[in-house]
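Below: the structure, in structure tokens.
Residue numbers (my numbering): 112 to 253.
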């Protein structure tokens, strides 16, 4: 069994602080400003007033929107968001990695059972776990 199947999202979740999220009505100019202060976060959950995930906006989508639209003051998160894709703390890391790959994403929001965003899991966290497990397996084999 793969080391990624034995571990759960909760075991590697990053962002002890809440990730930067947008409401559907957040203007593009405000999204860009908030995203620039988000550090390495590249994927931004769009949440309802109750904090439930309703969609996602990527940094790349924001860059394209700015480049393609001279006057982007009217563009909102709801205009740019894709559908919601997420994981729960109890999901295994293999399924999480597969979900990232199949959707072309490098991170995913972690949601509670009622759909509220509680953190993020990153591709680098999964890679780190995999490499540690592979090194451990190599050590045991020799």
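Glycine included, C-beta positions come from ideal geometry on N, C-alpha and C. Predicted model, so just to flag it, every value in this text is computed and none were measured.
CB contact flag (residue i, residue j, <9 Å)
i: residue 120; j: residue 200; result: yes
i: residue 191; j: residue 173; result: yes
i: residue 227; j: residue 163; result: yes
Span separating the alpha-carbon of residue i from that of residue j
i: residue 225; j: residue 187; result: 25 Å
i: residue 133; j: residue 234; result: 22 Å
i: residue 185; j: residue 196; result: 25 Å
i: residue 168; j: residue 243; result: 31 Å
i: residue 229; j: residue 138; result: 23 Å
i: residue 171; j: residue 141; result: 15 Å
i: residue 204; j: residue 241; result: 9 Å
i: residue 239; j: residue 129; result: 22 Å
Buried versus exposed, by CB contacts within 10 Å (16 or more), residue i
i: residue 175; result: exposed
i: residue 154; result: buried
i: residue 117; result: exposed
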